[in-house]
Ligand SMILES: NC(=O)c1ccc[n+]([C@@H]2O[C@H](COP(=O)([O-])OP(=O)(O)OC[C@H]3O[C@@H](n4cnc5c(N)ncnc54)[C@H](OP(=O)(O)O)[C@@H]3O)[C@@H](O)[C@H]2O)c1
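Written out as structure tokens, the structure reads:
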């Protein structure tokens, strides 16, 4: 993509994969509507901070989960109206409390093993489970019947590259992202910078849940 004026090289480096992921999740996998209640796991992460700011502009009630008190503050400052520390709290019980028992239209889950199948219990009847990552490990094989038992649910396992498969899709997704960043609605939080020679440390910190927002490697 050609980086438009008004977007720094560092922001561009930090935002394309994560920001286009937020775009397709919010606008295409399950197109959110004002008034929807949405749960997003790992809200203080790279995709999470972009997703939160963008979703807020789309008028949804946004619930995020995070693994620490510091991350909770960050998520609150980036669009999440309700934040649950899932390392200390039962997130299903908290979602029930927050929504007055109505639960969510959609759950976006990149945590995988540790949040499954509890994420399904955060959905209302005919809700949509979007599993787009596996930071804690892959979801084990499961019986499709669980989707009927838990409320005629929908489930999908999307991948960015199949949402930007054509030049047109890539351009449209990138343009939507450029627009929300240039307007100031979405700010890119480059919260870690590593020398390229320290790429292994960057990976270890990501794996160790030490990072927030986005990370860039400086050649
Ligand atoms: N399908 C797609 O198209 C697509 C595209 C981009 C990214 N992804 C995936 O989406 C996820 C988010 O990407 P990101 O770059 O924004 O990463 P990230 O959310 O910044 O980092 C991963 C976060 O996951 C949480 N986590 C929970 N359990 C964990 C565990 N056992 N080990 C490590 N982390 C754990 C941690 O946050 P807490 O401490 O708050 O729990 C951690 O900070 C990743 O799984 C990535 O692979 C998928």
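In my numbering, the protein residues as written are 5 to 223.
For every residue, glycine included, the Cβ atom is placed at its ideal position computed from N, Cα and C.
request  = Could you check the C-alpha separation between residue 62 and residue 21 for me, to the nearest Å?
outcome  = 20 Å
request  = Taking residue 78 as part of the alpha helix (DSSP H), name the residues at either end of that continuous run.
outcome  = Counting along the chain, the unbroken alpha helix (DSSP H) around residue 78 starts and ends at 73-80.
message = Please list the terminal residues of the continuous beta strand (DSSP E) segment that includes residue 159.
response = 158-160
message = Tell me the DSSP secondary structure of residue 85 in three-state form.
response = Assigned with DSSP and collapsed to three states, residue 85 falls in coil, not helix or strand.
key: Buried versus exposed, by CB contacts within 10 Å (16 or more), residue 24   = buried
message = Quick check: the Cα distance between residue 99 and residue 60, rounded to an integer number of angstroms?
response = Straight across, the Cα-Cα distance linking residue 99 with residue 60 is about 18 Å.
query = When DSSP labels each residue in this structure, what does residue 24 get in the three-state scheme?
reply = helix
key: Where residue 55 falls: helix, strand or coil (DSSP)   = Helix, per DSSP.
request  = Indicate the three-state DSSP secondary structure (helix, strand or coil) for residue 105 in the structure shown.
outcome  = coil
ask   = With respect to 8 Å, is the separation between the Cβ of residue 93 and the closest non-hydrogen atom of ligand 1 below this value?
value = Residue 93: no, Cβ never under 8 Å from ligand 1.
query = Do residue 120 and ligand 2 come close, with the Cβ less than 8 Å from some heavy atom?
reply = Looking for ligand 2 in the displayed structure turns up nothing; the ligands present are ligand 1.
request  = Classify residue 222 as helix, strand or coil using the three-state DSSP reduction.
outcome  = strand
inquiry  = Between which two residues does the alpha helix (DSSP H) holding residue 135 run?
reply    = Judged by DSSP secondary structure, residue 135 falls outside any alpha helix (DSSP H) and instead within the beta strand (DSSP E) spanning 127-135.
message = Quick check: the Cα distance between residue 253 and residue 218, rounded to an integer number of angstroms?
response = Outside the displayed span of the chain (5 to 223) sits residue 253, for which this structure offers no information.
Residue nearest to residue 9 in terms of C-alpha spacing, selected from 46, 35, 191, 182 = Residue 9 has its Cα closest to that of 182, out of 46, 35, 191, 182.
ask   = Going by Cα to Cα distance, which pick from 112, 211, 90 is closest to residue 28?
value = 112
inquiry  = Quick check on DSSP: helix, strand or coil for residue 70?
reply    = In this structure, residue 70 counts as strand in the three-state DSSP scheme.
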